[in-house]
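Undergrad:
As structure tokens, then:
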């Protein structure tokens with residue numbers, strides 16, 4: 005994946021300092037977000053203790069993607085005291101997919117060393133355009149890979165499109181958008197902020213607000229009101245001779261905490277269990 009220089013930050017010289025100083029970010033009041041003609045169309049405030057509501061969320065199970073170390077399972081995600089908790093654990097258990105001598109990454113190891121959870125709104129909720137807001141807290145220890153992201157309802161990846169509104173790994177808080185490039189390879193439009201520049205562990209110990217504004221002509225991704233990435237939809241048409249722009253079609257939402265794999269790094273020195281906590285997720289659309 006090619007990571008582009010954060011040219012947008014040059015236009016915001018006070019942006020990093022402002023982020024570091026903002027230890028208690030705004031709670032994202034509904035009245036504030038209704039400005040500009042938006043109205044709330046869906047939210048989860050995670051106010052009911054227990055497992056996420058299956059009317060809104062489905063669960064991924066097993067070893068899913070990116071050569072990640074964790075086994076996804078339902079028991080690692082729950083709501084408590086108005087907060088969604090996705091908990092990663094160092095937890096050894098037999099790998100039910102194990103096949104002796106297999107070279108398949110899902111089958112080659114006899115044991116699973118980590119568990120975590122991934123939930124999504126596939127088959128339940130999807131959206132075309134709008135303002136998407138999540139207030140959450142991430143752990144930035146080595147090997148962790150939390151994300152709040154979206155995938156296309158139709159079309160195989162990457163032609164279905166991907167938006168990583170919040171993604172963290174290896175000291176970088178990323179804001180990514182992908183469509184299909186030449187040869188059906190992903191074409192990435194990516195910017196990032198280093199966690200160290202934001203304040204490191206002190207920054208990660210507080211809640212922050214991630215936001216996407218998705219319109220028919222652009223996608224803008226924010227962290228605590230700082231614009232991190234903005235891409236015109238005209239640049240996001242698939243380069244696979246179909247003429248399809250995946251971002252003129254509905255996408256669904258995912259929340260997960262991955263470990264290791266292609267990007268996550270080495271979790272050997274990280275203390276477990278560890279959490280990705282979400283206060284709320286809200287979706288607004290134009291009236």
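In my numbering, the protein residues as written are 5 to 291.
All C-beta atoms in this analysis are idealised placements derived from N, C-alpha and C, irrespective of residue type, glycine included.
1) Please go through the same chain and pick out, in chain order, the residues whose beta-carbon is closer than 6 Å to the beta-carbon of residue 154, but skip the five residues on each side of it.
2) At which residues does the beta strand (DSSP E) containing residue 182 begin and terminate?
3) So, for residue 49: in the same chain, excluding its five sequence neighbours on each side, which residues have a beta-carbon less than 6 Å away from its beta-carbon?
4) Here's the rule: buried if 16 or more other CB atoms are within 10 angstroms of the residue's CB, otherwise exposed. What is residue 246?
5) Apart from the five residues just before and just after residue 266, which ones in its own chain have a Cβ nearer than 7 Å to its Cβ?
6) From the DSSP output, in three-state form, read off residue 250 for me.
7) Output yes or no for whether 8 Å exceeds the beta carbon distance between residue 90 and residue 279.
8) Going residue by residue through the segment 131-202, where are the continuous alpha helix (DSSP H) segments of at least 4 residues, counting only ones entirely within it?
9) Do you know how far the Cα of residue 236 is from the Cα of residue 221?
10) Can you give me the C-alpha to C-alpha distance between residue 298 and residue 92, rounded to a whole angstrom?
11) Please report how far the alpha carbon of residue 55 lies from the alpha carbon of residue 132, in whole angstroms.
12) Identify the residues that DSSP records as bridge partners of residue 62: which are they?
13) Tell me which residue opens and which closes the alpha helix (DSSP H) that residue 108 is part of.
14) Residue 87: which of 186, 134, 52, 40 sits nearest, CA to CA?
15) What is the DSSP secondary structure of residue 237, counted as helix, strand or coil?
16) Tell me which residues share the same chain as residue 136 and place their Cβ nearer than 6 Å to its Cβ, disregarding the 5 neighbours each side in the sequence.
17) Below 8 Å between beta carbons: does that hold for residue 199 and residue 206?
18) Inspect the beta-carbon positions of residue 170 and residue 149 and report whether they are closer than 8 Å.
19) Quick one: grab the DSSP three-state call for residue 228.
20) Starting from residue 266, trace the alpha helix (DSSP H) both ways and give me its first and last residue.
21) Under 8 Å by Cβ, that's how I've got residue 97 and residue 116 pegged, so tell me the actual separation to the nearest angstrom.
22) Looking only at its own chain, which residues have a Cβ that is under 6 Å from the Cβ of residue 26, when we skip the five neighbours before and after it?
23) Going by C-alpha to C-alpha distance, which of 204, 160, 274, 289 sits closest to residue 118?
24) By alpha-carbon positions, which one of 68, 63, 67, 73 ends up nearest to residue 340?
25) By DSSP's criteria, residue 214 is part of a beta bridge. Which residues make up the other side?
TA: With the structure as the only source:
1) 167, 255, 257
2) 176-184
3) 284
4) By the 10 Å Cβ count, residue 246 comes out exposed.
5) 70, 71
6) Collapsing the DSSP output to three states places residue 250 in a helix.
7) yes
8) 199-202
9) 6 Å
10) Because the chain is modelled from 5 through 291, residue 298 falls outside the range shown and cannot be assessed.
11) 27 Å
12) 124
13) Segment: none, residue 108 is in no alpha helix (DSSP H) and carries neither H nor E.
14) The candidate whose alpha carbon is nearest that of residue 87 is 52.
15) helix
16) 216, 287
17) No; because the gap between Cβ atoms is not below 8 Å, this pair is not in contact.
18) No; because the gap between Cβ atoms is not below 8 Å, this pair is not in contact.
19) coil
20) 265-268
21) 5 Å
22) The pLDDT assigned to residue 26 is 36, lower than 50, so where the model puts this residue is not dependable; a value taken from the coordinates is nonetheless given after this. 228.
23) Among 204, 160, 274, 289, the Cα nearest to that of residue 118 is on 274.
24) As displayed, the chain neither begins before 5 nor continues past 291, which places residue 340 out of reach and without an answer.
25) Residue 214 has 138, 227 as its beta-bridge partners, per DSSP.
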